[in-house]
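In our numbering, the protein residues as written are 209 to 324.
Ideal Cβ positions, reconstructed from N, Cα and C, are used throughout, including at glycine.
Read through the structure below, which is laid out as structure tokens, and then see the notes.
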């Protein structure tokens with residue numbers, strides 16, 4: 209849970225909401241073939257829940273009103289991996305900061321697989 213305070217009161221965002229926002233932002237990026245399981249538990253859960261948009265996303269607190277994001281993705285073969293990764297980092301940072309008001313400390317992109 210991430211809590212934000214402003215002049216109007218307190219806002220609480222669950223990690224599920226943040227993971228869904230990040231998942232949608234990543235899937236809109238060019239060169240992303242899909243999300244990869246971030247660990248064995250995530251892989252096991254994805255057996256029962258198909259097309260999870262938050263698969264491969266981990267949200268970590270990085271201080272007050274700040275978060276760090278770790279992504280595990282599958283990219284399309286033949287594309288410039290550095291360009292795809294940079295595009296994903298910028299898109300995720302912009303989307304999360306615009307929609308939630310949180311500051312994104314860092315976005316870590318782990319490329320786990322390539323798809324032809």
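The C-beta distance from residue 245 to residue 280 rounds to 7 Å, short enough to meet the 8 Å contact threshold. In the three-state DSSP reduction, residue 276 falls in the strand class (E or B). For a cut-off of 8 Å, the C-beta gap from residue 321 to residue 265 is around 16 Å, too long to register as a contact. Where residue 213 is concerned, the enclosing beta strand (DSSP E) starts and stops at 210 to 214. For residue 237, no pairing in a beta bridge is given by DSSP.
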